[in-house]
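For the sequence shown, my numbering assigns the number 16 to the initial residue and increments by one for each residue that follows.
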Amino acid sequence: MRNTGLLFFGGLLIIVGLAYIAGQVFQINIWGILWPLLLILLGVWLLLRPLMLRSGSNVDVFFIGDIRRSGTWQVHNEEYWRFIGDVKLNLTQADIPLGETVYRTNGFVNDVKAIVPPDVGVAISSTAFITSTKAFGRKQESFVTPLEITSENYASAERKIRLEVTGFISDIKVIQS
Numbered sequence: 016m017r018n019t020g021l022l023f024f025g026g027l028l029i030i031v032g033l034a035y036i037a038g039q040v041f042q043i044n045i046w047g048i049l050w051p052l053l054l055i056l057l058g059v060w061l062l063l064r065p066l067m068l069r070s071g072s073n074v075d076v077f078f079i080g081d082i083r084r085s086g087t088w089q090v091h092n093e094e095y096w097r098f099i100g101d102v103k104l105n106l107t108q109a110d111i112p113l114g115e116t117v118y119r120t121n122g123f124v125n126d127v128k129a130i131v132p133p134d135v136g137v138a139i140s141s142t143a144f145i146t147s148t149k150a151f152g153r154k155q156e157s158f159v160t161p162l163e164i165t166s167e168n169y170a171s172a173e174r175k176i177r178l179e180v181t182g183f184i185s186d187i188k189v190i191q192s
């Protein structure tokens, strides 16, 4: 499933909301129970997350940090987890395999920049509270709604890159050159 991160965070918000209502109705300090429960759920999800990945995917988890790929390198499915971080992918000299390669970025504040050869199709999917995207000669902003953008050649391209970004604030820039 493509939006497992969105489903997880949506479910988490529902649990927090229901717990808060129950605490108000029954006059219980629900936060003393809820925070440990949320930490346990997050830990279980992080342990089970590798089982949900595509084969050949790599997961990179850090609290704060940047990812930079440039020069000659092998492109493959990757997933990045950051609270705050930049992801810079220069694919102009990279070895891009046939088919679709997926890059997932999950974090509170995401800044994603990709430089892609013109013959490679690109699809962008963002689920964030605020998303700002500059791609394919146009600028698009989204507030609370998911954002989906594809390059004109995405359907017909032999090599495809899919950027899936989930977070609170996301800034995405794609340059095809």
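Beta carbons are placed, not taken as given, at the ideal position from N, Cα and C, and that holds for glycine.
Pop quiz: residue i and residue j are said to be a contact at Cβ under 8 angstroms. What is the actual Cβ separation, rounded to whole angstroms?
i    : j   : result
G136 : N92 : About 16 angstroms separates the two Cβ atoms, so there is no contact after all.
L49  : V31 : 7 angstroms
Verify the contact flag: residue i, CB atom, against every heavy atom of the ligand ZN, threshold strictly below 7 angstroms.
i    : result
G152 : No copy of the ligand ZN appears in this structure; indeed no ligand is present at all.
Of the residues the options, which one's Cα is nearest the Cα of residue i?
i    : options                   : result
I184 : V127, Y118, F78 and V40   : V127
E163 : S171, G58, I36 and I187   : I187
A172 : S140, V117, P133 and T160 : P133
L106 : T116, L54, L28 and V159   : T116
P161 : K154, A170 and I139       : I139
W88  : V159, P112, F78 and Y35   : P112
I190 : L63, L56 and G152         : G152
L56  : F41, Y35 and L27          : L27
E94  : S85, F77 and L52          : F77
G13  : S192, V159 and R174       : Absent from the model: residue 13. The displayed extent of the chain is 16 to 192, so no value can be given.
G47  : V59, V40 and A34          : A34
Considering only their Cβ atoms, is the gap separating residue j from residue i smaller than 8 angstroms?
i    : j    : result
T181 : A143 : yes
N121 : W96  : yes
I176 : V131 : yes
R83  : K103 : yes
S157 : T146 : yes
G114 : G100 : no
L178 : A129 : yes
A37  : I43  : yes
What span of residues does the beta strand (DSSP E) with residue i cover, start to end?
i    : result
F158 : R153 to F158
Q191 : R174 to Q191
E163 : L162 to T165
S147 : G136 to A150
Mind pulling the beta strand (DSSP E) runs of 3 or more residues that sit fully within the region 45-120?
73-76, 82-84, 93-96 and 99-105
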